[in-house]
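To start, the structure itself, in structure tokens.
Next comes the structure, spelled out in structure tokens:
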């Protein structure tokens with residue numbers, strides 16, 4: 001059995017205490033074997049965590065990883081105009097090779113900033129799954145179905161593909177890939193299609209992921225047409241009957257918060273994207289107080305514009321306080337849990353914590369930096385001061401993805417060059 005020892009550092013424990021310890025992981029099972037006093041464990045290989053903090057690998061609970069190709073292409077617009085005028089016309093020109101190039105770029109960015117798991121919504125999902133497999137990461141993937149603007153045949157084809165992809169790819173990458181059925185949102189998939197296809201997903205025991213209540217424009221049409229709040233409408237259709245988590249959840253009222261808690265439906269909070277698109281401020285503390293599992297996602301790089309989960313933690317804490325009008329809301333420890341254990345719970349992975357038996361998904365933060373000095377409270381630093389560039393090593397499933405800031409699973413320079421070439425060609429085609 002091959003074992004990796006992460007040695008010489010401090011370790012963030014599940015109760016958010018920090019202690020000096022070594023972490024031993026099995027590279028065969030991909031699990032943590034032991035967490036013990038420094039010098040008491042031995043491994044076949046070692047990662048030096050001196051002057052560092054070992055944390056669970058971060059979990060990006062909602063993203064569109066291949067949208068790295070659209071980074072900086074269109075900014076400073078509201079969601080509907082941004083999608084219809086800029087994003088969708090370009091996405092219509094995407095090829096499978098484009099999506100692979102964009103996905104690899106996004107995965108490299110995540111590895112370099114300590115993210116080991118992600119939940120992705122997009123298309124050409126087999127390409128993304130292959131990229132995740134090569135990256136050595138964990139992911140929940142799915143094909144995102146949209147019916148608006150399509151005839152009946154095309155609409156049904158989209159939803160059938162979402163079901164087929166979820167069935168086919170679940171368990172890929174040696175079990176590191178899980179899948180979800182993905183109707184894009186309650187306003188972009190027609191009711192008749194939801195009522196037909198959601199029961200099929202539930203019958204196949206598929207998890208479900210969709211955008212919900214991201215903007216007021218996703219709330220008003222549902223209320224006007226159905227006389228219900230969006231999540232009550234979703235519940236009536238059966239979307240909240242299984243293992244479901246929604247992205248954004250910005251404009252939810254008290255009745256919807258209670259409904260999320262009652263049905264066990266989680267929320268992937270995307271603070272940077274919500275701010276950039278002026279979508280609003282999600283009532284995160286109210287959601288947490290009600291018992292809703294809330295993770296953190298970056299959304300796509302086109303609306304963020306990076307995939308750094310440390311940035312996202314800081315944003316979540318800051319905007320959470322503004323939304324609650326309370327400086328004590330969404331505190332440092334809470335956002336760290338949201339980005340680790342909560343995100344893992346949403347995605348269904350046994351990770352997000354450092355203890356024996358958990359998935360060996362880890363990141364080591366280099367604390368030897370002016371902006372991390374003095375070290376009064378390392379949990380505070382994780383929420384408010386650490387940057388993705390402070391990550392020294394990244395480990396997933398017991399395998400080293402990045403060692404001493406060098407990504408080992410991709411040729412990073414080649415990935416960046418290929419992505420740049422595909423992005424330029426994509427924009428040129430879209431402009432023709």
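In the UniProt record's numbering, the protein residues as written are 1 to 432. We put the beta carbon where it would ideally sit given N, CA and C, even for glycine. Since the model is a prediction, treat every value here as computed from it, not as a measurement.
Strictly by DSSP, which residues pair up with residue i?
i	result
residue 56	362
residue 138	117
residue 216	Its beta-bridge partners do not exist; DSSP assigns none.
residue 181	208
residue 402	394, 407
residue 145	183
residue 167	In DSSP, residue 167 forms no bridge with anything.
residue 12	18
residue 269	296
residue 7	48
residue 246	210, 267
Using beta carbons (cut-off 7 Å, strictly below), is residue i in contact with chain C?
i	result
residue 343	Looking at the structure shown, chain C is missing, and only one protein chain is on hand.
Anyone know if the C-beta pair for residue i and residue j falls short of 7 Å?
i	j	result
residue 378	residue 53	yes
residue 401	residue 136	yes
residue 363	residue 57	yes
residue 427	residue 111	no
residue 11	residue 354	yes
residue 121	residue 144	yes
residue 41	residue 34	yes
residue 343	residue 295	yes
residue 101	residue 422	yes
residue 125	residue 347	no
residue 367	residue 51	yes
residue 179	residue 208	no
residue 108	residue 399	no
residue 119	residue 214	no
residue 223	residue 260	no
residue 349	residue 138	yes
residue 352	residue 340	yes
residue 16	residue 393	no
residue 397	residue 365	no
residue 388	residue 326	no
residue 231	residue 256	yes
When DSSP labels each residue in this structure, what does residue i get in the three-state scheme?
i	result
residue 153	helix
residue 36	strand
residue 264	coil
residue 61	strand
residue 479	With the chain running from 1 to 432 in the structure shown, residue 479 is simply not present.
residue 87	helix
residue 293	coil
residue 251	coil
residue 26	strand
residue 41	coil
residue 124	coil
residue 387	coil
residue 315	helix
residue 31	strand
residue 330	coil
residue 228	coil
residue 373	coil
residue 81	helix
residue 322	helix
residue 203	helix
Assuming residue i and residue j form a contact by the criterion Cβ under 8 Å, report the distance between their Cβ atoms to the nearest whole angstrom.
i	j	result
residue 73	residue 277	With 8 Å as the limit, residue 73 and residue 277 do not qualify as a contact, their Cβ atoms being about 14 Å apart.
residue 330	residue 386	Wrong, their Cβ atoms sit about 17 Å apart, outside the cutoff.
residue 62	residue 242	Between residue 242 and residue 62 the Cβ distance is about 18 Å, and since that is not below 8 Å, they are no contact.
residue 21	residue 36	6 Å
residue 210	residue 182	6 Å
residue 416	residue 105	7 Å
residue 375	residue 332	So it is not a contact: roughly 14 Å between Cβ atoms.
residue 25	residue 360	4 Å
residue 247	residue 282	Rounded, the Cβ-Cβ distance is 11 Å, inconsistent with contact.
residue 65	residue 103	5 Å
residue 219	residue 184	Incorrect: roughly 16 Å between the Cβ atoms, too far for contact.
residue 429	residue 91	Not quite, the Cβ-Cβ distance comes to about 11 Å (not below 8 Å), so this is no contact.
residue 186	residue 233	6 Å
residue 249	residue 212	6 Å
residue 253	residue 290	About 12 Å; that fails the 8 Å criterion.
Touching by the beta-carbon criterion (3+ pairs, under 8 Å), the region 62-72 and the region 296-308: yes
Touching by the beta-carbon criterion (3+ pairs, under 8 Å), the region 164-180 and the region 332-342: no
Three or more C-beta pairs below 8 Å linking the region 23-30 and the region 85-95: no
The region 309-324 contacting the region 269-285, beta-carbon criterion three pairs below 8 Å: yes
Stretch pair the region 168-185 + the region 127-142: three plus CB contacts closer than 8 Å: Yes, the region 168-185 is in contact with the region 127-142.
Contact the region 234-244 vs the region 188-195: 3+ CB pairs below 8 Å: The answer is yes - the region 188-195 touches the region 234-244, with three or more Cβ pairs under 8 Å.
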